[in-house]
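Numbering-wise, the sequence shown is residues 554 to 1045 according to the working numbering. Note that beta-carbon positions come from the ideal geometry of N, C-alpha and C, so glycine has one too. To keep things clear, I will list the structure first and then write my remarks on it.
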Amino acid sequence: MSEDLDDGLDVEPDGPRGRKGRRRAQRHRSWSQILLCLAVGTPALMLGGVPPAAVLVFLGLVLALWIRLSSRTSEALLVPGVAWLGLALTLLTLLQWAPIPGLQAAVAPELHAQVVQALEGTGVSARPGLSPSPADTGLECARLLGLTLLFVAAAQLSWRAAATAVAITGALVALLGFAHEALGMRAIYGLYVARDVDLSLLPSMLSTFVNPNHQSGLLLLGIFSAAGLAADQHRLGLDTHDPSKVDRYGDRFLAAMAALTVQIPALVLSLSRAAILVLLLLAPLALWLGLRHQRSDRFNQRRRSQHMSPLRMVVALGLIGLFLLAAQHGAWRELGTLLDLGDPDAPEASKLRQVIDALPLVETSPWLGIGRGAFIDAFGPYDSAPSHVLHTHLESAPATAVIEWGPIFGGALVLATIVWWLHAMLVHRRRHDGAARQLVLLGLLAVGLQNLFDFGFEFLGVSAPAVALAGALSPEPGRRWAPRRARALGAL
C-alpha cells in the first residue's frame, strides 16, 4: 500500500529542509509503528485475546492508531477494496445484535421456533433480535469493527512494519512459553489457570494462550513474518550502494533470524497437529523463496550473493535440525493421530463430526445467519454425541462463516479471502522485494489452512496479527479517504 520505509534508504534529502522533513516523517512513522505493535501484540499477551477486557483494550489501541494516522498527515488514507467487505460484515453483525422485534421470526422462523421451545415453561422471554446470544454477538461486532479499522490502518504503513510487529509478538510469546517451562509454572504468568483445561492431560508448552492450538496460529504468522524480514534485509544488504549500511542490514537480518529460531521450537512444542502439518507442507516453498539467488545487475553484488549461498544452506540445515530436535518431544506422536480418523474418539474425527453436525444450522437461518458468536447456544440440539464438553465455537473458520453469517455473506467472505490472497501473490511477485512479501503471504496461507480445523481466528491473539499483515500487503487501494473523514469515523 504505502511506500515501504526502506525503499529509498539510499537516497539522501537535499538540504536542511529535506533532512528536517525526513526526521519529522520518521517520528510520525515511529509512533504509528509503536501503536501498531501494541494493537497487534497486546491481545496475544492478554490470554490470547480471550477475555472481553482484551477486546476493549484492543479497540482503544486501534482508535489511538487511527487518530494518529489521520491527524498527522494531509494525505488521503488508502482504503483497500476488501475493507468494504469487513465493514459490510460489521454492519450485518450489528443487525444480528440489534433488538428489532419480529426480525428473528421473519428471516429465521425455524430458529425462532427453537428459541421459543427452549424457553417454554421457564417464565423467561427471549430478547428481541435475530441472534439467540446477543451478548456474544455484540462482543463479536465490536471485535470485527476493530479488526476492520486495523486493516485499513495497517494499509497506511510498510509491510515491514506489520511483519516486524507480528515477528516480535510471536518471539515474545515463545520466550514467555520457554520461561514458563524453565520455571515449572503450570499457570499463565503464574496466576491464571483455565478451569476447563486439565493440565495433567496437556503435554504442550504453556505460554500466554489458553489454547495451544491458537498459540500455534500466532507462531505460524510470526515464523513466516520473520523469514520474510530476514530475506528482505539480506537482499537490501546486497543491493545497497552505501557500504556503511551493510552492517545495519546485517544486524536486522540476524534479529529476524533470531526471532525465527525462537519460534520454530515453540510451535513444535505447542503440539498443534494442524499447525505442524501446515508448516511441513509449506516449508519447501518457503525455503525456495528465501534461498534462491537475488537478482542483481552489478558484478560485485553477484559475487556477494554467490559467497552467501553456502551460509544460506547452513542456516537452512540448522533450522531443519532444530525442528527435528524439538519434534522429538511429542510432535511425531501428535501427527500420528491424524491417521486415526476412523476412531470416533480421535480429536480430528471429533472436529469433523462437529462440522457435519452443525451444517443443518444453516437451514434455521439461511439469509442472515444464526448470529456471530451464537454457535455456543445454538449447537446443542444438533450435537450427535453430547457430553460434558461445552463447544464454545466451531473448529472451522469457513464453516463458522457460512453458519453464523449465512451462505451469502459468509460464502462471500471465504471466496473473497481466496481471491485476495491469489491476487496478492501475483502482484507482489513483480516487485523487487517480492520474494520477502510472498514469504509473509505464505504465513497467511498457513494460518488459513490451520483454521480449517482449528478456529484460532475466533480470538484477537491470532486474528489481529493476521489482519494487520493482510492490510499492509493488500495490493491496491479501492478508495481514498480524506483525513477529516477518517477522524470523524474514528470518533463515531
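Between which residues of its own chain and residue i is the CB-CB distance below 8 Å, once the five residues before and five after are set aside?
i	result
L697	G639, L642, T643, T646, R925
V799	G790, T793
L672	S678, A679
Taking 6 Å as the limit between beta carbons, can you name the residues of its chain near residue i, skipping five residues before and five after?
i	result
R851	Note on R851: pLDDT 43, under 50, position unreliable in the model; no value is reported.
A727	V815, Q816, A819
F962	L645
L842	A988, Q991, L992
S769	L820, S823, S825, A828
F806	A783, Q786, H787
Give me the residue from the options with the minimum Cα distance to residue i.
i	options	result
L692	A724, V603, D800, V815	V603
W973	A954, G1001, A988	G1001
A828	G1009, L807, R739	G1009
L771	A706, S1016, A1023	S1016
F704	S769, A1023, S940	A1023
C694	H787, A812, P605, H665	P605
L618	A658, P1028, A1021	A1021
A715	G676, D910, G775	G775
I need the boundaries of the beta strand (DSSP E) containing residue i, first residue and last residue.
i	result
P687	P687 -> not in any beta strand (DSSP E); alpha helix (DSSP H) instead, spanning 687 to 707.
L631	630 to 633
Kindly give me the distance between the Cβ atoms of residue i and residue j, rounded to whole angstroms, as I take these residues to be in contact under 8 Å.
i	j	result
S686	D930	5 Å
P596	G1014	5 Å
G601	F1012	5 Å
R984	R990	6 Å
A977	S903	Their Cβ separation, rounded to whole angstroms, is 34 Å, which puts A977 and S903 out of contact at 8 Å.
Might you give, ordered along the chain, the residues of its own chain that have their beta carbon closer than 7 Å to the beta carbon of residue i, omitting 5 neighbours on each side?
i	result
L995	F777, L835, L838, A839
H733	L759, S760
G803	G790
G987	H981
S940	none
V593	A718, V719, T722, A1017, P1018, A1021
W1034	A629, L630, V632
Report yes if the C-beta distance between residue i and residue j is below 8 Å; otherwise report no.
i	j	result
S825	D1007	yes
G922	Q667	no
R621	S585	yes
K992	A784	It should be pointed out that residue 992 corresponds to Leu in this sequence rather than to Lys. Yes, these two residues count as a Cβ contact at 8 Å.
A808	A1025	no
L588	Q709	no
T690	A927	yes
S918	G959	yes
G730	F611	no
L813	A779	yes
D947	A911	The question names Asp, but residue 947 is Leu in the sequence shown. Yes, they are a contact pair.
E663	E957	no
A659	T701	no
S937	V908	no
A598	L614	It is worth fixing the name first, because residue 598 is Leu in this sequence and not Ala. Against a cut-off of 8 Å, the Cβ pair of L614 and L598 comes out as no contact.
L905	P951	no
G682	A661	no
A740	V763	no
For residue i, report the span of its alpha helix (DSSP H) as first-last.
i	result
L622	605 to 624
Y802	799 to 822
D795	Run containing D795: none; DSSP gives neither H nor E here.
E916	914 to 917
R826	826 to 844
R990	987 to 1003
T675	That residue, T675, is in no alpha helix (DSSP H); it is neither H nor E in DSSP.
F962	950 to 981
L642	636 to 650
W712	712 to 736
S684	Unbroken run through S684: none, as it is neither H nor E.
Say yes only if the C-beta of residue i is nearer than 7 Å to one or more non-hydrogen atoms of the ligand NAD, and no if none qualify.
i	result
L912	Among the components modelled here there is no ligand, and therefore nothing to report on the ligand NAD.
Establish whether the CB of residue i and some CB of chain B are separated by less than 8 Å.
i	result
E1029	The structure shown contains no chain B, having only a single protein chain.
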